[in-house]
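Numbered per our numbering, the sequence shown finishes at 374, counting up by one with no gaps. These notes are about the structure you will find just below.
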Amino acid sequence: MISFYDDNELVNLCRTFDRLMFDKALRGYVEAFRHALFTGVREFELAAIQIEHCHANYIEIPHGKGAKSRVVDIHPAGVPYYQLYLRERQQAGGKWLFPGSRSSKGPHVGPVATRTLRKWWKWMAREAGIHEAGLHELRRTFTTWAQEWMSITDLMRQLGHSKYDTTLKSYAGSIPGRKFCKDKPEWIKVAEAGGQRLLEEQGVIEITEWRKRG
Numbered sequence: 161m162i163s164f165y166d167d168n169e170l171v172n173l174c175r176t177f178d179r180l181m182f183d184k185a186l187r188g189y190v191e192a193f194r195h196a197l198f199t200g201v202r203e204f205e206l207a208a209i210q211i212e213h214c215h216a217n218y219i220e221i222p223h224g225k226g227a228k229s230r231v232v233d234i235h236p237a238g239v240p241y242y243q244l245y246l247r248e249r250q251q252a253g254g255k256w257l258f259p260g261s262r263s264s265k266g267p268h269v270g271p272v273a274t275r276t277l278r279k280w281w282k283w284m285a286r287e288a289g290i291h292e293a294g295l296h297e298l299r300r301t302f303t304t305w306a307q308e309w310m311s312i313t314d315l316m317r318q319l320g321h322s323k324y325d326t327t328l329k330s331y332a333g334s335i336p337g338r339k340f341c342k343d344k345p346e347w348i349k350v351a352e353a354g355g356q357r358l359l360e361e362q363g364v365i366e367i368t369e370w371r372k373r374g
């Protein structure tokens, strides 16, 4: 059985992100986990994102699994958060979107370690009331819910899969009560409301549609 987070868990998670996002010590972790939720990228890909590969509503993954490159879209509900954080990182300088901690050798010498992401994800998930939490479940969660707004072909490309079976059998779960449902899930509405507040308060750019794939 594929493990993913349900609507109630994701509502609590989105609200936890919003509550903690301006805590300086947690800022990068909040946006890393939010980015994983709204893109479905792998853990090592998340840690290795470079600022030069970041665009208004998508990112380039030049070295994914199997050294394959691809372009990854960010769900519109996550774009305002991403753009605000990206602007902060550009102003701060440095190479990595999610840099590691400072050390005695100098400021932010490399990307955040995946083991560090896993440790903070368990803590943040508990803050949201999620006690059985693995970071990889964010990728499965994205895949499961993204079936509502992406074609399977586009979803395969998003995830970097070469086979339909990998996407459908190993990652995409079935959401009870959501078949043929046209209403947005509540967690997307919560994220959109938070993003709208950022648009009003911080002046980030509004993106309301997916990037057109070529």
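Ideal placement from N, C-alpha and C gives every residue a C-beta, glycine not left out. Model, not experiment: these values are computed from the prediction.
Report yes if the CB atom of residue i is closer than 8 Å to the CB atom of residue j, and no otherwise.
i: ILE211; j: VAL232; result: no
i: GLY289; j: LYS225; result: no
i: ALA196; j: LEU358; result: no
i: LEU180; j: VAL171; result: no
i: ALA293; j: LYS282; result: yes
i: THR176; j: MET284; result: yes
i: PHE258; j: GLY363; result: no
By alpha-carbon positions, which one of the options ends up nearest to residue i?
i: ASP178; options: LEU244, GLY224, TRP309 and PHE164; result: LEU244
i: ALA207; options: THR276, ARG317 and TRP305; result: THR276
i: VAL239; options: VAL272, ALA216 and ALA353; result: ALA216
i: ALA185; options: LEU173, GLY260 and TYR241; result: GLY260
Less than 8 Å between C-beta atoms, sequence neighbours within five positions excluded: which residues of the same chain meet that for residue i?
i: THR327; result: THR303, ILE312, LEU315, MET316, LEU319 and HIS321
With a CB to CB cut of under 7 Å and the five nearest residues on each side skipped, what residues in its chain are close to residue i?
i: PHE204; result: THR274
i: GLU352; result: ALA237
i: GLY374; result: Since pLDDT at GLY374 reaches only 47, below the 50 mark, its modelled position is unreliable, and no value is offered.
i: ASP167; result: PRO345, GLU346 and TRP347
i: ASP183; result: none
i: VAL350; result: VAL171, CYS174 and ARG175
i: ASP325; result: none
i: LYS329; result: none
Can you give the Cα-Cα distance for residue i and residue j, rounded to whole angstroms?
i: ARG230; j: ILE221; result: 5 Å
i: GLN250; j: CYS214; result: 10 Å
i: MET310; j: PHE193; result: 21 Å
i: HIS223; j: HIS296; result: 19 Å
i: LYS323; j: HIS235; result: 23 Å
i: ILE209; j: GLY270; result: 11 Å
i: TRP256; j: ARG247; result: 13 Å
i: GLU361; j: ARG202; result: 31 Å
i: ARG286; j: CYS174; result: 13 Å
i: ASP343; j: LYS228; result: 35 Å
i: GLN356; j: ALA252; result: 24 Å
i: VAL272; j: TRP305; result: 27 Å
Less than 6 Å between C-beta atoms, sequence neighbours within five positions excluded: which residues of the same chain meet that for residue i?
i: GLY354; result: ASP178
i: GLU169; result: ILE290
i: THR301; result: PHE164 and TYR165
i: TYR242; result: ILE234
Starting from residue i, follow the alpha helix (DSSP H) in both directions and report where the run begins and ends.
i: VAL239; result: 239 to 252
i: HIS195; result: 187 to 199
i: ARG202; result: Where ARG202 is concerned, there is no enclosing alpha helix (DSSP H), given that its DSSP letter is neither H nor E.
i: ALA351; result: 346 to 362
i: CYS174; result: 167 to 180
i: LYS282; result: 274 to 287
i: HIS296; result: 296 to 306
Let's see if you can read the secondary structure: which residues bound the beta strand (DSSP E) around residue i?
i: ASP233; result: 230 to 233
i: GLU220; result: 218 to 221
Does the beta-carbon of residue i, which I'm using as the reference point, lie nearer than 7 Å to any heavy atom of the ligand GDP?
i: ALA196; result: Ligands displayed in this structure: none; no statement on the ligand GDP is therefore possible.
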